[in-house]
Amino acid sequence: MITENISTPVISHKKKLSLTINGEVKTLEVKPWVSLLDCLREHLDLTGTKKGCDHGQCGACTVIVDGKRILSCLTLAVMKDGASITTIEGIGKDGELHPLQKAFIDHDAFQCGYCTPGQICSAIGMIAEGKAKTRTEVKELMSGNLCRCGANTNIIDAIMEVQEGLTNE
Amino acid sequence: MNDFNYTRVYSMDEALANVSLGKGHRVIAGGTNLIDLMKYFITTADELVDINPISEHQTIEELPDGRLRLGAFATNADTAYHPLVESRYPLLNRAILAGASAQIRNMATNGGNLLQRTRCYYFYDINTPCNKREPGTGCSAINGYNRTMAIMGTSEHCIAVFPSDMCVALAALDAVVNIVGPEGTRQLPFADFHRLPGNTPHIDNNLMDNELISSIDLPEKGFSSSYSYLKLRDRNSYAFALVSVATALDLEHGLIKEARIALGGLAHKPWRVQEAEDFLKGKQASKTNFEAAADLILQGAKSFEFNAFKIELAKRAIVRNCMMALDPDTQQPGAQPSL
């Protein structure tokens with residue numbers, strides 16, 4: 001029961017685009033309907049970014065685009081031509097873990113680990129935004145990332161350790 | 001989703017020329033609602049017109065007469081955290097930050113927020129009848145599981161609610177929507193932008209198919225001293241409202257000079273009742289008076305099998321939020337209850 005049926009089905013052409021992913025320029029061709037998430041996973045073999053709900057309800061697909069955390073499942077790859085994208089694969093430097101990666105391990109901030117890449121990218125974005133000053137605010141501003149194992153308390157602990165100047169209210 | 005072509009446009013004229021080509025041409029900005037709807041085949045397109053490259057209408061600007069103009073293509077996050085919104089319109093800041101998640105607010109635009117569709121379960125389920133999705137097929141919610149549905153302004157054809165938080169604050173602040181179309185520009189008071197379902201529940205608002213929102217204007221008066229946004233929902237964050245309330249008060253010596261109370265989660269549009277706001281004028285800012293105003297707002301409410309609780313919940317939310325507005329510093333992140 002598809003509404004507003006289209007008389008002649010469209011057969012789209014691939015679009016050429018250039019993305020800077022984790023500092024490396026990648027040129028590729030994708031159909032307009034390919035989400036940024038599928039582009040990363042299926043076209044660029046960057047499977048660190050996870051597909052949870054694919055509908056913007058879980059945050060597992062969070063990546064950083066031009067410095068801001070966004071949901072790659074609700075973005076079309078063609079809309080991000082020329083953008084700079086950071087995924088979980090790109091946050092460690094010179095073989096060292098990112099401080100948040102280390103803190104997640106230290107605080108036992110995951111069980112199955114499926115939400116973890118999204119949690120960490122989201123936390124990097126949140127710290128850059130600089131709006132969370134208290135534990136309550138960190139919880140609120142991280143609410144777009146669901147953890148079904150229930151590691152949330154430890155996730156917040158890990159972020160609190162990395163972001164300096166927070167009060168534990 | 002179905003296959004479609006993709007076009008980037010760089011000016012409003014180019015965008016308008018594209019949307020005037022017909023219904024198969026759909027504008028995409030943040031995409032947070034549209035891509036989701038397309039994945040479920042609720043919306044289809046044969047051409048997506050990407051308006052993100054347009055350099056106009058991206059900013060928040062103060063106008064010479066003191067009004068604030070919110071660009072339609074500015075993101076929800078950039079709007080909420082703009083210094084002039086934070087300082088002069090904190091009610092809008094609170095309402096925006098109560099909606100969606102930080103990631104979605106970084107993507108979603110102001111124009112898109114006004115144009116988002118309902119989250120009614122039946123609208124989203126293409127295997128059930130829905131007059132909003134497919135006019136004339138019937139409403140599955142009226143005799144279905146209607147716990148989250150509307151209690152004000154419903155019709156026999158649709159009982160869906162409009163899900164925005166931002167728009168509840170915009171309604172309370174008497175915002176004005178600036179629209180551009182083939183014949184030039186026009187303005188709509190916020191109260192006239194969204195529609196009640198009536199016989200045409202498939203039409204959410206009064207924006208024509210060949211028009212675009214360019215910006216939203218806020219009057220100079222921002223009610224920054226006495227305001228509050230309260231959002232009640234099934235979990236503390238990242239969920240749509242069962243009931244939400246935006247209250248803005250102008251107080252003088254403990255008496256109410258002006259009161260604005262707008263509600264979300266109750267109707268097909270943000271809900272305000274002039275009679276209740278007039279009642280409060282000149283009265284003490286007391287719990288008793290707020291209770292009387294709440295009764296006036298909810299008089300005429302019509303509930304369905306599973307959502308009668310919303311009537312009492314809305315009344316209590318109004319009273320609680322008006323009390324919170326007297327002491328805005330007590331507000332919690334995510335518009336959770338305080339006091």
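Protein chains in written order, with full-length UniProt numbering: chain V, 1 to 169; chain D, 1 to 339.
Quick reminder that beta carbons are idealized off the backbone N, C-alpha and C, glycines included.
Keep in mind it's a predicted model, so treat the numbers as computed, not measured.
Residue closest to residue i, alpha-carbon to alpha-carbon, out of the options
| i | options | result |
| --- | --- | --- |
| E294(D) | L263(D), I60(D), A308(D) | The question names Glu, but residue 294(D) is Ala in the sequence shown. Selected option, being the one with the closest Cα: L263(D). |
| G144(D) | L313(D), F123(D), P163(D) | F123(D) |
| A276(D) | H268(D), K269(D), T75(D), I256(D) | I256(D) |
| L71(V) | R105(D), R67(D), L91(D), R88(D) | R105(D) |
| E61(D) | Y229(D), V85(D), F41(D), M324(D) | V85(D) |
| T128(D) | D329(D), P189(D), R117(D), I142(D) | I142(D) |
| V30(V) | T20(V), I21(V), E24(V), E42(V) | E42(V) |
| K50(V) | D157(V), M160(V), E89(V) | E89(V) |
| K15(V) | G82(V), K102(V), P99(V), G130(V) | G82(V) |
| T118(D) | S286(D), K283(D), H202(D), A317(D) | H202(D) |
| residue 382(D) | K39(D), C322(D), M149(D) | There is simply no residue 382(D) to check, as chain D begins at 1 and stops at 339 in what is shown. |
| Q331(D) | K269(D), E258(D), Y229(D) | Y229(D) |
| M12(D) | N2(D), T32(D), A72(D) | A72(D) |
| A163(D) | V9(D), E47(D), D36(D), P270(D) | Reading off the sequence, residue 163(D) comes out as Pro, not Ala. With distances taken between Cα atoms, P163(D) lies closest to P270(D). |
Residue range of the beta strand (DSSP E) that includes residue i
| i | result |
| --- | --- |
| S214(D) | 212-218 |
| G181(D) | 176-181 |
| T288(D) | It is not in any beta strand (DSSP E) - T288(D) instead sits in the alpha helix (DSSP H) that spans 287-298. |
| T247(D) | 243-252 |
| L48(D) | 47-50 |
| I142(D) | Premise fails: I142(D) is in no beta strand (DSSP E) and is neither H nor E. |
| A262(D) | 255-264 |
| E27(V) | Note that residue 27(V) is Thr in the sequence shown here, rather than Glu. Here the beta strand (DSSP E) through T27(V) covers 24-30. |
| T185(D) | 184-189 |
| V63(V) | 62-65 |
| S122(V) | Counting along the chain, S122(V) falls outside any beta strand (DSSP E), though it belongs to the alpha helix (DSSP H) covering 116-129. |
| R69(V) | 68-71 |
| V27(D) | 25-28 |
Residue-level contact to chain D via CB, residue i, 8 Å cutoff
| i | result |
| --- | --- |
| T167(V) | no |
| P117(V) | no |
| M1(V) | Reliability of the predicted coordinates at M1(V) is poor, the pLDDT of 45 falling under 50, and the value obtained from them is presented with this limitation in mind. So yes, M1(V) belongs to the interface. |
| D106(V) | no |
| I11(V) | yes |
| E29(V) | no |
| P99(V) | no |
| G144(V) | yes |
| G56(V) | yes |
| L37(V) | no |
Whole-angstrom distance between residue j and residue i, CA atom to CA atom
| i | j | result |
| --- | --- | --- |
| H157(D) | N113(D) | 24 Å |
| P219(D) | A60(V) | 39 Å |
| T86(V) | I120(V) | 11 Å |
| R186(D) | S338(D) | 40 Å |
| I91(V) | I64(V) | 10 Å |
| A267(D) | L242(D) | 11 Å |
| N301(D) | K133(V) | Per the sequence shown, residue 301(D) should be read as Ala rather than Asn. In a straight line, the C-alpha of A301(D) is about 41 Å away from that of K133(V). |
| V180(D) | E211(D) | 6 Å |
| M1(V) | C130(D) | A caution first: M1(V) carries a pLDDT of 45, below 50, which makes its placement in the model too unreliable to give a value. |
| Q274(D) | L249(D) | 14 Å |
Cβ of residue i within 8 Å of any chain V Cβ
| i | result |
| --- | --- |
| L48(D) | yes |
| S237(D) | yes |
| P163(D) | no |
| M1(D) | yes |
| G22(D) | no |
| F4(D) | yes |
| P333(D) | yes |
Residue i: first and last residue of the uninterrupted alpha helix (DSSP H) it sits in
| i | result |
| --- | --- |
| R67(D) | First-last for R67(D): undefined, no H or E at that position. |
| R88(D) | 83-88 |
| Y227(D) | Run containing Y227(D): none in the alpha helix (DSSP H); it sits in the beta strand (DSSP E), 227-232. |
| Y40(D) | Counting along the chain, Y40(D) falls outside any alpha helix (DSSP H), and DSSP gives it neither H nor E. |
| T153(V) | 152-162 |
| N113(D) | 110-115 |
| N106(D) | 102-107 |
| K315(D) | 309-325 |
| K139(V) | 135-141 |
| residue 177(V) | Residue 177(V) is absent from the structure shown; chain V starts at 1 and stops at 169. |
Any non-hydrogen atom of the ligand ZN closer than 7 Å to residue i Cβ
| i | result |
| --- | --- |
| G113(V) | Judged by which ligands are present, the structure shown has none, so any question about the ligand ZN falls away. |
Exercise. Take every Cβ of the segment 262-276 of chain D, pair it with every Cβ of the segment 163-176 of chain D, and state whether three or more of those distances are shorter than 8 Å.
Key: yes
Quiz item: Does the segment 74-84 of chain D touch the segment 31-47 of chain V, meaning 3 or more C-beta pairs lie closer than 8 Å?
Solution: Counting C-beta pairs closer than 8 Å gives fewer than three between the segment 31-47 of chain V and the segment 74-84 of chain D, which falls short of the contact rule.
Quiz item: Taking one C-beta from the segment 43-53 of chain D and one from the segment 19-29 of chain D each time, how about it: are there three or more such pairs within less than 8 Å?
Solution: yes
Quiz item: Within the chosen definition, does the segment 10-20 of chain D reach the segment 133-153 of chain V through at least 3 CB pairs nearer than 8 Å?
Solution: They do not touch, by the three-pair rule.
Self-check item: Inter-stretch contact at 8 Å, needing at least 3 Cβ pairs: the segment 107-124 of chain V / the segment 74-84 of chain V
Solution: no
Practice problem: Evaluate contact between the segment 187-207 of chain D and the segment 145-156 of chain D, counting only Cβ atoms and requiring at least three cross-stretch pairs below 8 Å. | Solution: yes
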